[in-house]
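**Student:** When you read off a place in the sequence shown, starting at 1, and then add 909, the result is the number in our numbering.
Ideal placement from N, C-alpha and C gives every residue a C-beta, glycine not left out.
Computed from a prediction, not measured in an experiment: that's the story for all the values here.
Quick one: structure below, then a few questions.
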Amino acid sequence: MEPVYSPVIAFARTIFALQGLRFTMLGEDNVPMSGGAVMAINHIGYMDFTYAGLAAQKSGRLVRFMAKESVFSHPVSGPLMRGMHHIAVDRAAGAASYRRAVEALRRGEIVGVFPEATISRSFELKAFKSGAARMAAEAGVPILPVVVWGSQRVWTKGHPKRLGRTNIPISVSVGEPIPVPPDADPDAVTADYKAVMQEMLDVLRATYEPLTGADLKFLPASMGGTAPTLTEATRLDDADVAERRRLAQERRAAQQRARGSD
């Protein structure tokens, strides 16, 4: 039992119960009882890490998630994230974050990552980055594929939070660990485990309750929903990135002007 992580899990379970969330967990026995693994998770909602982490509970494991630096800088979430030994990802110093993740894997930890990097507005699998495969190869651990479905109905990008009592069903599936040889091609490994996750996701979506009416916005366009297509979602993501860069440039310019006037 960990002094921070265990109480946080207990608190989260209480919140989930108050929300009436109904969990379906598949493949929990695929989580290794010991040893390191890279838990690769699809990303469709802000709460994905909490739901995916529950899948490791049956095996008595705790997942150390890689999360953006800003979460660690927050006065409330920061101490909790550090207390749970999650791994901060500073995009300006990505090599250090990568090394910390590999070290944790070598110590026998399960490290949770989102290969898509950001939430998929289309609720389809986006392009995967190869970092998970590279970490697994370097640390000598398998990739543990995990898919989540239903979390987009609780809280996702571009839609209001639904954190009250919604009784939303959440499905989580854990696949068999995928060995990654030290000399494996990261791109090939990434393509292979993405295909596995697509099959797992297809099964979850096929067995999930039908979405109708207003909830069609949480269903991919390919399934008859009104969510953006993958192409449309990519354009929205690119526009967001461009806007963040523009604002960052404006801040830097303002800081330079301020220094020049001193």
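Pairs of beta-carbons, one from the region 951-968 and one from the region 1018-1036, closer than 8 Å: are there three or more?
**Tutor:** The region 951-968, when compared against the region 1018-1036, does touch it at the 8 Å Cβ threshold.
**Student:** Buried or exposed, going by whether 16 or more other CB atoms sit within 10 Å of the CB of H983?
**Tutor:** Reading the sequence shown from its first residue, position 74 is the one you call residue 983. Burial call: exposed.
**Student:** Quick check on the DSSP output: what are the complete alpha helix (DSSP H) runs of length 4 or more inside the region 963-1035, in order along the chain?
**Tutor:** DSSP runs (the alpha helix (DSSP H)) wholly in the region 963-1035: 978-982, 986-992 and 1003-1015.
**Student:** DSSP state of I953, grouped into three classes?
**Tutor:** Sequence index remark: in the sequence shown, residue 953 carries index 44 (1-based). I953: coil per DSSP, three-state reduction.
**Student:** Under the three-state reduction of DSSP, which class applies to R1154: helix, strand or coil?
**Tutor:** Against the sequence shown, residue 1154 aligns to sequence position 245. If DSSP states are grouped into helix, strand and coil, R1154 belongs with the helices.
**Student:** Give the DSSP-derived three-state secondary structure of R931 in the structure shown.
**Tutor:** Mapped onto the sequence shown, residue 931 falls at position 22. It is a strand residue.
**Student:** Taking just the CA atoms, how far does G1133 sit from G1122?
**Tutor:** Mapped onto the sequence shown, residue 1122 falls at position 213. Mapped onto the sequence shown, residue 1133 falls at position 224. For G1122 and G1133, the distance between alpha carbons rounds to 12 Å.
**Student:** With DSSP as the reference, please indicate the residues paired to A946 in a beta bridge.
**Tutor:** Residue mapping note: residue 946 aligns to position 37 of the sequence shown, counting from 1. A946 is bridged to I1019.
**Student:** Compare the Cα-Cα distances from V1089 to each of R1043, A1026, A964 and G1003 and report the closest residue.
**Tutor:** The count along the sequence shown starts at 1 and reaches residue 1089 at position 180. Of the candidates R1043, A1026, A964 and G1003, the one whose C-alpha sits nearest the C-alpha of V1089 is R1043.
**Student:** Put L1128 into one of helix, strand or coil per three-state DSSP.
**Tutor:** Residue mapping note: residue 1128 aligns to position 219 of the sequence shown, counting from 1. In this structure, L1128 counts as coil in the three-state DSSP scheme.
**Student:** If distances are taken between C-alpha atoms only, which option among D999, T1065, E1012 and I1079 comes closest to M934?
**Tutor:** Working through the sequence shown from its first residue, we reach residue 934 at position 25. Checked all of D999, T1065, E1012 and I1079; the closest Cα to M934 is I1079.
**Student:** If you follow the alpha helix (DSSP H) that V1105 is part of, which residue opens it and which one closes it?
**Tutor:** Taking the sequence shown and counting its residues from 1, the one referred to as residue 1105 is at position 196. Taken as a continuous stretch (DSSP letters only), the alpha helix (DSSP H) holding V1105 covers P1095 to T1116.
**Student:** What are the boundary residues of the alpha helix (DSSP H) that A1040 is part of?
**Tutor:** Along the sequence shown, read from residue 1 onward, the residue named residue 1040 stands at position 131. As written in the sequence, residue 1040 is Gly, which differs from the Ala given in the question. Segment G1040 to A1048, the alpha helix (DSSP H) holding G1040.
**Student:** On a Cα-Cα basis, can you pick out the residue from A1148, L1128 and A946 that is closest to R1016?
**Tutor:** Counted from its first residue, the sequence shown places residue 1016 at position 107. Closest by alpha carbon: A946.
**Student:** By the DSSP assignment, the beta strand (DSSP E) with P1078 in it spans what residues?
**Tutor:** Sequence index remark: in the sequence shown, residue 1078 carries index 169 (1-based). First-last of the beta strand (DSSP E) with P1078: P1078 to V1083.
**Student:** Look at R970 and I1019 and say whether their C-beta atoms are less than 7 Å apart.
**Tutor:** On the sequence shown, residue 970 is found 61 positions in, with the first residue counted as 1. On the sequence shown, residue 1019 is found 110 positions in, with the first residue counted as 1. Yes, the pair counts as a contact, with Cβ atoms nearer than the cut-off.
**Student:** Quick one: Cα of A1130 to Cα of R1166, how far?
**Tutor:** Against the sequence shown, residue 1130 aligns to sequence position 221. Against the sequence shown, residue 1166 aligns to sequence position 257. Roughly 47 Å between the two C-alpha positions.
**Student:** Flag this pair as yes or no: are the beta carbons of M1109 and V1056 separated by less than 7 Å?
**Tutor:** Sequence index remark: in the sequence shown, residue 1109 carries index 200 (1-based). Sequence index remark: in the sequence shown, residue 1056 carries index 147 (1-based). Their beta carbons are under 7 Å apart, which means M1109 touches V1056 by this criterion.
**Student:** If contacts are defined as beta-carbon pairs under 8 Å, then V940 and M993 qualify, I think. What distance do you get, rounded to the angstrom?
**Tutor:** Reading the sequence shown from its first residue, position 31 is the one you call residue 940. Reading the sequence shown from its first residue, position 84 is the one you call residue 993. V940 to M993, Cβ: 18 Å. No contact.
**Student:** As a quick exercise: from I1087, V1112, D1111 and D1092, pick the residue whose alpha carbon is nearest that of D1172.
**Tutor:** There is simply no residue 1172 to check, as the chain begins at 910 and stops at 1171 in what is shown.
**Student:** How is P1173 classed by DSSP in three states: helix, strand or coil?
**Tutor:** The first residue shown for the chain is 910 and the last is 1171, placing residue 1173 beyond what the model contains.
**Student:** Roughly how many whole angstroms lie between the Cα atoms of L1113 and R1168?
**Tutor:** For this step, residue 1113 is matched to residue 204 along the sequence shown. For this step, residue 1168 is matched to residue 259 along the sequence shown. One C-alpha to the other measures close to 55 Å.
**Student:** Let me know the secondary structure DSSP gives P1137 once reduced to three states.
**Tutor:** Indexing the sequence shown from 1 puts residue 1137 at position 228. Coil, per DSSP.
**Student:** Okay, do the region 993-1013 and the region 972-980 touch, 3+ Cβ pairs below 8 Å being the bar?
**Tutor:** They touch, by the three-pair rule.
**Student:** Cα separation between F920 and A1097?
**Tutor:** Taking the first residue of the sequence shown as position 1, residue 920 is located at position 11. Taking the first residue of the sequence shown as position 1, residue 1097 is located at position 188. The straight-line gap from Cα to Cα measures roughly 40 Å.
**Student:** Going by DSSP in three states, L1145 sits in which element: helix, strand or coil?
**Tutor:** Your numbering for residue 1145 matches position 236 in the sequence shown. In this structure, L1145 counts as helix in the three-state DSSP scheme.
**Student:** Taking Cβ to Cβ, would you say R1062 is nearer than 7 Å to I1052?
**Tutor:** As a position in the sequence shown, residue 1062 is number 153, starting the count at 1. As a position in the sequence shown, residue 1052 is number 143, starting the count at 1. No. Outside cutoff.
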